[in-house]
Amino acid sequence: MCFMYLVVGLGNPGNEYLLNRHNFGFMMIDTLRQHYDFPDYKEKFSGVISQGKIDGKACMLLKPTTFMNLSGQAVQKVMQFYKIAIENVYVFHDDLDIDPFKIKFKMGGGSGGHNGLKSIDQQCGKEYWRIRLGIGHPGEKNLVSAYVLSNFSKDEMKELPFLLHTLAQKIPGILKKE
13 MCFMYLVVGL
23 GNPGNEYLLN
33 RHNFGFMMID
43 TLRQHYDFPD
53 YKEKFSGVIS
63 QGKIDGKACM
73 LLKPTTFMNL
83 SGQAVQKVMQ
93 FYKIAIENVY
103 VFHDDLDIDP
113 FKIKFKMGGG
123 SGGHNGLKSI
133 DQQCGKEYWR
143 IRLGIGHPGE
153 KNLVSAYVLS
163 NFSKDEMKEL
173 PFLLHTLAQK
183 IPGILKKE
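The opening residue of the sequence shown carries number 13 in the working numbering; numbering runs sequentially from there.
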């Protein structure tokens with residue numbers, strides 16, 4: 013089966029990272045899998061994948077199980093095996109430069125210092141869709157690493173499910189590039 017869309021969520025594997033801001037992409041993929049009734053994940057291509065349909069369109073969900081800075085390896089393997097064009101790849105990731113829980117959507121661009129995007133850019137090219145999930149900035153550059161690897165606050169955790177489910181409902185329009 014040839015998959016029309018590859019939908020990727022960036023994050024780090026392991027329970028210690030589960031609720032980290034940097035795992036916003038993984039959270040989104042888990043929400044999509046549940047919302048659109050995709051089957052359980054299977055380990056394959058240096059990641060976990062689930063195949064199904066969103067709004068009648070064949071999709072593969074991918075969470076790379078490499079660490080963030082090697083995410084491009086998993087994306088490239090899936091793209092090559094299923095012959096998925098780069099313009100049909102959608103990557104959900106956290107973004108420090110966007111206010112918390114705001115969403116921006118764009119084709120191509122730079123990595124903005126995000127190691128997962130750098131890896132995908134190097135392995136696959138830059139002309140894929142990015143769904144940027146705002147996490148805000150800690151204020152000082154030397155605090156960034158600890159901030160992205162910290163868990164969402166209790167207040168943020170209350171809002172997070174609503175945001176993820178609302179975004180999941182908008183995915184058919186995103187895939188149509190609306």
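The beta carbon of each residue, even a glycine, is placed where N, CA and C say it ideally should be.
Values in this document were obtained by computation on a predicted structure and should not be read as measured data.
Cα separation between residue i and residue j?
i, j, result
"Met-13", "Ile-147", "Unreliable positioning characterises Met-13 in this predicted model, as indicated by a pLDDT of 46, which lies under 50. The coordinate reading is nonetheless provided below. Each residue's Cα considered, the two are about 36 Å apart."
"Asn-154", "Lys-69", "43 Å"
"Arg-45", "Pro-51", "7 Å"
"Val-87", "Pro-76", "7 Å"
"Pro-150", "Gly-185", "32 Å"
"Asn-27", "Gly-21", "16 Å"
"Ile-115", "Lys-65", "23 Å"
"Ser-62", "Tyr-53", "5 Å"
Measuring CA to CA, which of the options is closest to residue i?
i, options, result
"Asn-35", "Leu-155, Leu-187, Gly-151 and Leu-145", "Leu-145"
"Phe-194", "Asp-167, Asp-49, Thr-78 and Asn-24", "As displayed, the chain neither begins before 13 nor continues past 190, which places residue 194 out of reach and without an answer."
"Tyr-48", "Phe-57, Met-72 and Met-16", "Met-72"
"Tyr-29", "Lys-188, Asn-163, Tyr-102 and Gln-181", "Asn-163"
"Gly-23", "Cys-136, Gly-59, Lys-54 and Met-16", "Gly-59"
"Ile-41", "Leu-74, Gln-134 and Ile-66", "Leu-74"
"His-177", "Gly-125, Met-39 and Gln-63", "Met-39"
In the DSSP assignment, find the alpha helix (DSSP H) that holds residue i and state where it starts and stops.
i, result
"Pro-76", "From DSSP, Pro-76 is part of no alpha helix (DSSP H) but of the beta strand (DSSP E) over 69-76."
"Met-39", "36-47"
"Glu-28", "Careful: Glu-28 lies outside any alpha helix (DSSP H) and carries neither H nor E."
Which same chain residues, not among the five before or five after residue i, have their C-beta less than 6 Å away from its C-beta?
i, result
"Asp-107", "Arg-144 and Gly-146"
Short of 8 Å in beta carbon distance, which residues of its chain neighbour residue i, apart from the five on each side in sequence? Order them along the chain.
i, result
"Lys-118", "Trp-141, Arg-142 and Arg-144"
"Val-160", "Asn-32, Arg-33, His-34, Asp-106, Leu-108 and Ile-147"
Sorted by chain position, which residues of the same chain lie with C-beta nearer than 7 Å to residue i's C-beta, five sequence neighbours on each side aside?
i, result
"Leu-175", "Phe-113"
"Leu-82", "Ser-131"
Could you spell out where the beta strand (DSSP E) holding residue i opens and where it closes?
i, result
"Ile-143", "141-146"
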